[in-house]
Amino acid sequence: METSQSKQVDSLEKKLDLFYETLQKEGHLGFLKNSTRVIFFLSIGCPKRRADVFQASETLPLKAWRLVKRQALQHYKESQYDWLKLDIVESEESHSVNDFVKVITETKKNYFRKGISFDKQYRFAFLEQEINGNAIVQIDKQTGRGFIQEKNLKEYAKSHRPLMPKLDLSRIDKIRTFTTRGFFFEKNRLFPVHNTNLDNGRRKTPLTIDEVDHLIRESATFLANQVKDTGAFVYGYFSCFDKEIQFYNVLRHASTLYSMLEAYELYPDEVLEKAIKRGLHYLVNHCTRSYTIQSVNVAYIIDGVGENKEIKLGANAAAILALTKFQEVFKQSQYVEITQLLGEGILQMQKHDGSFNHVLYPENLQVKENFRIIYYDGEAAFALMRLYEQDPQSKWIDAVEFAFQYFIEKKYWKHHDHWLSYCTNELTKYRPRKEYFEFGLQNVLKKLNFIKKRETTYPTFLELTLAGWNMVSRLREHGWEELLTHKEIQRLEETFHVRAEYQRNGFFYPEVAMYFKKPSRILGSFYIRHHSFRSRIDDTEHYLSGYVAYYKLLKNRSAYRERGVS
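Residue 379 in this note's numbering sits at position 379 of the sequence shown, and the numbers go up by one each step.
Rendered as structure tokens:
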């Protein structure tokens with residue numbers, strides 16, 4: 001009788017054969033034609049656990065493939081093998097130990113993007129994804145010196161490099177760094193992956209409307225799955241070792257719901273809808289407190305626990321954004337009153353010069369901090385604009401204009417805040433004044449060079465540039481074309497396209513997630529590389545909002561072209 005294990009191996013063998021046949025058929029191995037040494041890394045992964053990696057060094061591609069294939073069939077015990085990835089060494093560089101230490105010391109945390117071999121034969125060699133997925137290259141907090149975290153290295157090798165001999169780092173005198181050409185195989189489909197420094201390891205596919213659609217759906221589904229039965233979120237993970245973040249922030253709870261509503265507006269989904277409604281119920285019923293200030297009824301979001309409870313301007317703003325968006329999308333009005341009370345709370349925090357107090361004590365509403373973070377101001381003004389759209393009382397927009405007098409006087413455009421970009425876009429719909437357009441343009445245009453070249457995937461840059469772009473067409477309608485040149489328009493458009501593509505490097509595609517401890521936990525989310533591959537709800541939120549805006553732009557352009565053809 002055929003055993004389940006033999007069936008498993010047979011299935012894996014067929015999948016491996018198809019993988020290699022596809023590589024040959026599509027001509028991906030042609031660059032090895034004149035090679036005298038071929039080094040393969042075969043990674044086999046699934047959603048349940050970190051990938052296993054097999055390595056071979058041979059004279060011919062077929063010999064190297066047969067060796068890694070045999071190793072995999074003999075040693076791979078996992079009952080699932082959803083993902084296959086082949087990395088082929090393309091170039092290498094030799095370093096003394098001291099030179100290598102200097103290289104990793106001068107490299108931004110988690111931005112070392114090459115493989116490492118501790119011997120010439122590549123018996124002790126690790127892909128860049130293995131290194132970063134296991135926090136093997138680290139920086140000493142005291143000295144600032146880079147080092148190899150030997151404990152992480154050995155534990156990883158023991159568990160996921162089954163054929164690797166024991167490694168003694170004390171005997172190493174030369175270290176090789178290498179680049180690879182990689183290929184990912186999923187559901188019988190082959191994806192070449194990038195091998196350039198900052199894009200390394202991520203699939204090389206065009207950013208079409210369908211791909212943006214995929215990013216939105218996957219990340220929105222991820223966020224929906226983080227909403228617990230109580231309505232609170234699982235706040236996030238440090239992905240390398242699947243450590244849940246033991247902290248909570250109600251402001252980010254609310255702003256994440258806002259991004260989920262943006263996604264729902266494009267793609268109505270029952271699971272997403274239920275998650276949003278649970279999250280809003282938690283926000284209104286567990287995080288909101290009513291007050292009366294000089295006969296004015298107000299409401300505030302209470303953030304924090306115990307003695308650390310506080311009222312944050314940004315939390316009230318984020319709650320208004322989520323609640324007004326819910327009412328817009330679902331055409332429901334049960335949150336009208338609480339939204340107005342939260343708006344009154346913001347008005348009470350506005351000072352005589354138009355600026356806002358940022359943090360209050362919840363027990364007596366005394367000012368705890370006049371200023372905490374620059375984003376609160378723009379977020380509050382944007383929230384009041386969204387409230388004004390649904391409740392067109394002049395007090396809401398008057399407060400925004402009062403705040404803008406302060407923002408303009410203090411040159412707040414220097415902060416290049418995405419919330420202010422959103423707000424300026426909204427304000428100019430109702431008050432198309434030259435000084436507001438000028439402010440909005442400065443908020444975006446003065447940052448373009450930095451945004452375009454930024455090596456981190458900082459997600460709010462896409463939001464910032466697209467909100468600015470949305471304002472440009474209105475600027476033309478009102479006769480303020482002289483405020484920006486054709487060259488500046490081109491630079492703005494080029495920049496947001498560059499950011500939309502580059503920010504894919506912060507998405508947990510399976511070929512990236514497979515090297516972390518629990519891929520299923522993080523698949524479809526976005527992460528921040530320099531924060532230990534942190535995947536937190538607000539990280540995904542900002543990426544999601546940016547891609548929703550980008551999708552709408554692409555969709556509108558597509559519709560415009562179709563009308564032009566017809």
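The beta carbon of each residue, even a glycine, is placed where N, CA and C say it ideally should be.
The structure displayed is predicted, hence computed values, not measured ones.
From the DSSP output, which residues share a beta bridge with residue i?
i      : result
Ala56  : Phe40
Trp83  : Gly45 and Glu186
Thr180 : Val89
Glu155 : The partner list for Glu155 (beta bridge, DSSP) is empty, contrary to what the question assumes.
Gly146 : Ile139
Tyr291 : Val298
Arg433 : According to DSSP, Arg433 bridges with nothing at all.
Ile528 : Arg534
Pro519 : Note: Pro519 sits in no beta bridge, so no partner.
Ile311 : Ile302 and Leu360
Within 10 Å of its beta-carbon, does residue i have 16 or more other beta-carbons around it, so buried, or fewer, so exposed?
i      : result
Thr3   : Unreliable placement is indicated for Thr3, whose pLDDT of 40 sits below 50; no coordinate value is reported for it.
Phe247 : exposed
Gly546 : buried
Gln503 : buried
Phe516 : buried
Asn357 : buried
Gly231 : buried
Gln74  : exposed
Phe100 : buried
Ser6   : With a pLDDT of 42 at Ser6, under the threshold of 50, the modelled position of this residue cannot be trusted; read the value that follows with caution. So Ser6 ends up on the exposed side.
Thr288 : buried
Thr457 : buried
Ala559 : exposed
Val296 : exposed
Gln490 : exposed
Arg161 : buried
Arg499 : buried
Ile293 : exposed
Leu313 : buried
Gln332 : exposed
Gln340 : buried
Phe19  : buried
Taking residue i as part of the alpha helix (DSSP H), name the residues at either end of that continuous run.
i      : result
Gly631 : Since the first and last residues shown for the chain are 1 and 566, residue 631 lies out of range.
Val97  : Val97 to Thr105
Phe222 : Ile209 to Gln226
Asp303 : Element bounds for Asp303: not the alpha helix (DSSP H) but the beta strand (DSSP E), Val296 to Asp303.
Lys453 : Leu448 to Lys453
Gly506 : Careful: Gly506 lies outside any alpha helix (DSSP H) and carries neither H nor E.
Glu337 : Val336 to Met349
Arg70  : Pro61 to His75
Glu389 : Tyr375 to Gln390
Glu270 : Glu270 to His286
Our contact map puts residue i next to residue j with C-beta atoms below 8 Å; I'd like the distance itself, whole angstroms only.
i      : j      : result
Ala125 : Ile131 : At roughly 10 Å, the Cβ-Cβ gap does not stay under 8 Å, so Ala125 and Ile131 are not in contact.
Gln327 : Tyr335 : 6 Å
Ser43  : Ala56  : That pair is no contact at about 13 Å.
Gly182 : Asp87  : 4 Å
Tyr574 : His530 : In the structure displayed, the chain extends from 1 to 566; residue 574 sits before or after that span and is not available.
Ser520 : Tyr527 : No, Ser520 and Tyr527 are not in contact; Cβ-Cβ is about 15 Å, not under 8 Å.
Arg123 : Pro165 : 6 Å
Phe382 : Tyr422 : 5 Å
Pro268 : His28  : Not confirmed; about 40 Å, so no contact.
Tyr291 : Val298 : 5 Å
Ser144 : Val227 : Strictly speaking, residue 144 in this sequence is Gly, with Ser absent from that position. Wrong, their Cβ atoms sit about 40 Å apart, outside the cutoff.
Would you mind stating whether residue i and residue j have Cβ atoms separated by less than 8 Å?
i      : j      : result
Ala263 : Ile216 : yes
Leu492 : Val444 : yes
Tyr76  : Leu12  : yes
Ala220 : Met260 : yes
Ala64  : Val103 : no
Leu484 : Leu441 : yes
Asp303 : Leu251 : yes
Lys518 : Asp82  : no
Gly146 : Thr105 : yes
Val400 : Leu427 : yes
Leu464 : His497 : no
Thr177 : His95  : yes
Leu167 : Phe233 : no
Gly306 : Glu511 : no
Leu190 : Glu21  : no
Ala322 : Ala254 : yes
Ile397 : Tyr376 : no
Leu32  : Ile537 : no
Taking 7 Å as the cut-off, is the CB of residue i close to at least one heavy atom of the ligand PLP?
i      : result
Arg529 : This structure does not include the ligand PLP; it has no bound ligands of any sort.
With a threshold of 8 Å between beta carbons, is residue i in contact with chain E?
i      : result
Asn132 : In the structure shown, chain E does not exist; there is a single protein chain.
Tell me which residue opens and which closes the beta strand (DSSP E) that residue i is part of.
i      : result
Tyr237 : Gly236 to Phe238
Gly115 : Gly115 to Ser117
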